[in-house]
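Protein chains in written order, with our numbering: chain A, 1 to 464; chain B, 1001 to 1422. The block underneath contains the structure these notes are about, expressed in structure tokens.
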């Protein structure tokens, strides 16, 4: 049995863990990272990156197919378009491979030791790892738990066979003719839309009354409209009961009673739960907040010298939050004074069209006691949106009425995910409406809508 | 695991409560035996509270500036060892050099109001701030503040909408709080700063209110020719032995007071107005109003009636130094029977000294100046000094006050009289 000791041990090489390890390595901390799978975690291997590759392929195919349907305004003629999903998936796997080996390279460059295998806690400072070459004991002064999360399973619909999670959905080599998506959150809608654009007949089943319940109706309206235009059936207030006797259909119960939805695959995307079992974490008896590990503003758990970052610490389960936490923890371990003081964590739905939100929505701002000014500028009045033949959506700014300090920025529309950096930058910098309005936004771009929204909130938008 | 409670110790002399002036620890800190955990202030002296045990602080009984009753819980410490008899043991106050104070009149067992301490709250470490409380500052500015251990809520932001700029942090690091960079020309300033009165400053404030609200003052000012005294002082200083201190005017005035109060003992007294009793003292314990970095303090030269002028000077120097450095004991700061107030070289022409309650007289020294004095035939330059003295008019009539000051004048103008026995 081999035994090594280090100053910092990071468990899990997802975006939180690997960023923490790289930063620690940069700071000269003797760091070991343990990962059972490929470095990159859910994000790189089965989450953000693969899904965006698939969404892009679907979007491109959809554009080509719509042109092959006949006359179109752009005057482009395309003969019959087709897609070979196995090639698409191979292309996606290539990207994933490049990125994961890139992460491994970055870790090496930062002099981080990578141990491959599943870690199991002996105590708060010691883990054992089953590696290919035998058992390895690692002792550390400081431990960072970055074990991530797993898709939640429905008891009535255990994964297996036709019932798949997002992981399997991203590796299908044959296009399902009929796909039922259980869960109308962003993961279900992103993937459901992608398969619909590639030609699947898609039904979305959501137990709540609203799709994307985290976003307000103004933001989700363009998304719902597109779902309908694509022929995606949306069943809200509808619960998945279980598979039919043959297993070839999903039984659901909604306001109009029970029905069977025939399906080649049933994608269950109802959320994710923290990965806190099977690694000896239970025995550490760390304090919890619900199912999550409880952390303070320095990502410290209830045990001294044990930190936790990323999905295992709760919502929002977003890679960029985990990365920021990882970086902060590495600097704390290096003796720097740090605490979580981010003003916003932007969130994006890569639906069609995209939704982006940073900071407070109008309702959130009001419920926190702010008097607000709101400016909303539609892409229908934006030149660039017209030239891209996609004028749906808008940019919206929420500011304090007394000081014009920006509290929140949201947008829905094609390509608005790229506006997220402006949004979070404005909020982190403490920008006022005047700051955004007085910044030249290059023409012609969709970003002009941000400047116009700020002007509109102050009552003098120029282009509407 | 046991829990140990340190209670506010009995700091002596009928003190029923003391003000918390310093926490040396915070919740979660480890403490070792004999480590000082807090400082409290009674009427005059600061008392340090040590921990009698090893452990970890789990609860603090108040905030700086709170007044805490004797025996009320002050701090709770989780101890490592076996469960100790919880919350009963008391600690002994380790007052800085405190000696057994002079036996004072028997005092009643001080009332022990239940401490106003808040209920023990769990140390919530992860409480997110409400959005409104977050200071407006860019990430780089927040990082700069954090690296320098600055809480941004202390900083006045000079940017638009109160945004805190990098320059504000740099100014703060250079000059401390609220010094925005000086602008060219005139600028309106809207900053205001609230400072909680704590410690000695609060004591002074309370003492002044007590003196001026209870005592009807009569203030009497007389001009004194100190030419002869100054000549004598210069001579004595010129011929002093190496172990003798340099004499200022104050030791002469102290000896003058000893002489004067032997004729008029009413002036060396305290008045307990609740009981209606004037207490005259045989001893002449003279308080010397002294400026310290923290504020006004009054160390007491005890038994000046039994001290030579050199001795008075030496003792006064010693006490002044101890007071300025904060090492004077409670005993050295209490028990005066009459007080001298001197503003030294800043003394001005006239002052209206506030009587040191419960005394009945205070003698204020103004600045010495060479003035032309008509000696009956011509103007001659004389060193002149005013004495501004206040008296408790309930006890001292105007006539007696004037008589007392005239007696001081006579003694000072003919300083040999100060030294004549009988």
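A virtual CB, placed ideally from N, CA and C, is assigned to each residue, including glycine.
Closest to residue 1387 (chain B) by CA distance: which of B:1399, B:1344, B:1397, B:1372 is it?
Locating residue 1387 (chain B) in the second chain gives position 387, counting from the first residue. It is B:1344 whose Cα lies nearest to the Cα of residue 1387 (chain B).
Inter-stretch contact (C-beta, 8 Å, three-pair minimum) for the stretch 156-169 of chain A and the stretch 46-54 of chain A:
yes
I'd like the ranges of any beta strand (DSSP E) spanning at least 3 consecutive residues and lying wholly in the stretch 1162-1221 of chain B.
Here no run is fully enclosed.
Alpha carbon to alpha carbon, what distance is there between residue 1363 (chain B) and residue 1398 (chain B)?
In the second chain, residue 1398 (chain B) corresponds to position 398, counting from 1. In the second chain, residue 1363 (chain B) corresponds to position 363, counting from 1. The alpha-carbon atoms of residue 1398 (chain B) and residue 1363 (chain B) are separated by roughly 15 Å.
Quick check on this structure: which residue in A:435, A:429, A:253, A:421 has the alpha carbon closest to the alpha carbon of residue 1165 (chain B)?
To locate residue 1165 (chain B), count along the second chain from 1; it is residue 165. For the residues A:435, A:429, A:253, A:421, the minimum Cα distance to residue 1165 (chain B) belongs to A:429.
Partners in chain B for residue 403 (chain A), counting only beta-carbon separations shorter than 9 Å:
Translated into the one-based positions of the first chain, residue 403 (chain A) becomes position 403. Residues of chain B whose Cβ lies closer than 9 Å to the Cβ of residue 403 (chain A) are, in chain order, 1136, 1160, 1161, 1162.
Given residue 365 (chain A), which residues of its chain have a CB within under 7 Å of its CB, disregarding the five upstream and five downstream residues?
Sequence index remark: in the first chain, residue 365 (chain A) carries index 365 (1-based). Taken in chain order, the residues that qualify are 372, 398, 407, 408.
C-alpha distance - residue 202 (chain A) paired with residue 274 (chain A), whole-angstrom precision
Here residue 202 (chain A) refers to the residue found at position 202 of the first chain. Here residue 274 (chain A) refers to the residue found at position 274 of the first chain. Those two C-alpha atoms are separated by around 29 Å.
Find the nearest neighbour of residue 1061 (chain B) within the set B:1391, B:1076, B:1051, B:1233, judged by alpha-carbon distance.
Here residue 1061 (chain B) refers to the residue found at position 61 of the second chain. Nearest C-alpha to residue 1061 (chain B): B:1076.
Spatial distance of residue 1008 (chain B) from residue 1073 (chain B) (CA atoms)
As a first step, residue 1008 (chain B) must be located in the second chain, where it is residue number 8. As a first step, residue 1073 (chain B) must be located in the second chain, where it is residue number 73. The alpha-carbon atoms of residue 1008 (chain B) and residue 1073 (chain B) are separated by roughly 6 Å.
Give the secondary structure of residue 1406 (chain B) by DSSP, where H, G and I count as helix, E and B as strand, and everything else as coil.
Indexing the second chain from 1 puts residue 1406 (chain B) at position 406. The answer is helix: DSSP assigns residue 1406 (chain B) an H, G or I state.
According to the neighbour-count rule (16 or more other Cβ atoms, all chains shown, within 10 Å of its Cβ), is residue 1254 (chain B) buried or exposed?
For the purposes of this step, residue 1254 (chain B) is taken as the residue at position 254 of the second chain. Burial call: buried.
Does any residue of chain B have a CB that is nearer than 9 Å to the CB of residue 341 (chain A)?
Residue mapping note: residue 341 (chain A) aligns to position 341 of the first chain, counting from 1. By this cut-off, residue 341 (chain A) is an interface position.
Partners in chain A for residue 1149 (chain B), counting only beta-carbon separations shorter than 7 Å
What you label residue 1149 (chain B) is simply residue 149 of the second chain in a count that begins at 1. Going along chain A in sequence order, the residues near residue 1149 (chain B) (Cβ under 7 Å) are 337.
Buried versus exposed, by CB contacts within 10 Å (16 or more), residue 1154 (chain B):
Residue mapping note: residue 1154 (chain B) aligns to position 154 of the second chain, counting from 1. Burial call: exposed.
Are there three or more Cβ pairs, one per stretch, closer than 8 Å when the stretch 218-234 of chain A is compared with the stretch 140-147 of chain A?
no
Determine, using beta carbons only, whether residue 403 (chain A) and residue 1162 (chain B) come nearer to each other than 9 Å.
Sequence index remark: in the first chain, residue 403 (chain A) carries index 403 (1-based). Sequence index remark: in the second chain, residue 1162 (chain B) carries index 162 (1-based). Going by C-beta atoms, residue 403 (chain A) is nearer than 9 Å to residue 1162 (chain B).
Name the chain B residues that come within less than 7 Å of residue 430 (chain A), Cβ to Cβ?
In the first chain, counting from the first residue as 1, residue 430 (chain A) sits at position 430. Simply 1136, 1137, 1138, 1163.
With a threshold of 16 other CB atoms inside 10 Å of the CB of residue 1167 (chain B), please say whether the residue is buried or exposed.
In the second chain, counting from the first residue as 1, residue 1167 (chain B) sits at position 167. It is exposed - the Cβ of residue 1167 (chain B) has fewer than 16 other Cβ atoms within 10 Å.
Sufficient close CB pairs (3 or more, under 8 Å) joining the stretch 1281-1292 of chain B to the stretch 1252-1270 of chain B:
yes
Per-residue contacts from residue 1007 (chain B) into chain A (C-beta, under 9 Å)
As a first step, residue 1007 (chain B) must be located in the second chain, where it is residue number 7. Residues of chain A with a Cβ closer than 9 Å to the Cβ of residue 1007 (chain B) do not exist, since the nearest Cβ in that chain sits about 30 Å away.
Mind checking whether residue 187 (chain A) and residue 357 (chain A) have CB atoms under 9 Å apart?
Locating residue 187 (chain A) in the first chain gives position 187, where the first residue counts as 1. Locating residue 357 (chain A) in the first chain gives position 357, where the first residue counts as 1. No, they are not a contact pair.
Figure out for me which residue from B:1324, B:1224, B:1250, B:1189 has the closest Cα to the Cα of residue 1233 (chain B).
Taking the first residue of the second chain as 1, we reach residue 1233 (chain B) at position 233. Ranking B:1324, B:1224, B:1250, B:1189 by Cα distance to residue 1233 (chain B) puts B:1250 first.
Assumed close pair residue 416 (chain A), residue 331 (chain A) - CB separation to whole angstroms, cut-off 8 Å:
Here residue 416 (chain A) refers to the residue found at position 416 of the first chain. Here residue 331 (chain A) refers to the residue found at position 331 of the first chain. At roughly 32 Å, the Cβ-Cβ gap does not stay under 8 Å, so residue 416 (chain A) and residue 331 (chain A) are not in contact.
Does the CB of residue 434 (chain A) have a neighbour CB from chain B at under 9 Å?
As a position in the first chain, residue 434 (chain A) is number 434, starting the count at 1. Taking Cβ atoms only, chain B reaches closer than 9 Å to residue 434 (chain A), which makes this a yes.
Return no unless some Cβ of chain A is closer than 9 Å to the Cβ of residue 1122 (chain B).
Along the second chain, one-based indexing puts residue 1122 (chain B) at 122. Below a pLDDT of 50, predicted positions are generally treated as unreliable, and residue 1122 (chain B), at 40, falls in that range; the measurement from the model is reported next regardless. Taking Cβ atoms only, chain A never reaches closer than 9 Å to residue 1122 (chain B), which makes this a no.
Would you mind telling me which residues of chain A sit closer than 8 Å to residue 1166 (chain B), beta carbon to beta carbon, in chain order?
Taking the second chain and counting its residues from 1, the one referred to as residue 1166 (chain B) is at position 166. Here the premise fails: no neighbours, minimum Cβ distance about 12 Å.
Complete runs of the beta strand (DSSP E) confined to the stretch 71-141 of chain A [at least 3 residues]:
113-116, 118-123, 126-131
Contacts of residue 1146 (chain B) in chain A (Cβ-Cβ under 9 Å)
Working through the second chain from its first residue, we reach residue 1146 (chain B) at position 146. Here the neighbours are 336, 337, 338, 339, 341.
Compare the Cα-Cα distances from residue 152 (chain A) to each of A:419, A:269, A:244 and report the closest residue.
Reading the first chain from its first residue, position 152 is the one you call residue 152 (chain A). When each option's Cα is compared against that of residue 152 (chain A), the closest is A:269.
Assign residue 262 (chain A) to one of three DSSP states: helix, strand, or coil.
Within the first chain, the letter at position 262 stands for residue 262 (chain A). Residue 262 (chain A): strand per DSSP, three-state reduction.
Which residues in chain A sit within 7 Å of residue 1142 (chain B), going by Cβ to Cβ distance?
Locating residue 1142 (chain B) in the second chain gives position 142, where the first residue counts as 1. Neighbours of residue 1142 (chain B) on chain A, chain order: 341.
Cβ-Cβ separation, residue 1049 (chain B) to residue 1058 (chain B) (assumed contact under 8 Å), whole Å
Locating residue 1058 (chain B) in the second chain gives position 58, counting from the first residue. Locating residue 1049 (chain B) in the second chain gives position 49, counting from the first residue. Not a contact, Cβ separation roughly 16 Å.
Please say whether residue 22 (chain A) and residue 53 (chain A) have beta carbons closer to each other than 9 Å?
As a position in the first chain, residue 53 (chain A) is number 53, starting the count at 1. As a position in the first chain, residue 22 (chain A) is number 22, starting the count at 1. Cβ atoms of residue 53 (chain A) and residue 22 (chain A): not closer than 9 Å.
Any idea what DSSP makes of residue 18 (chain A), helix, strand or coil?
One-based indexing of the first chain puts residue 18 (chain A) at position 18. Reduced to three states, the DSSP call for residue 18 (chain A) is helix.
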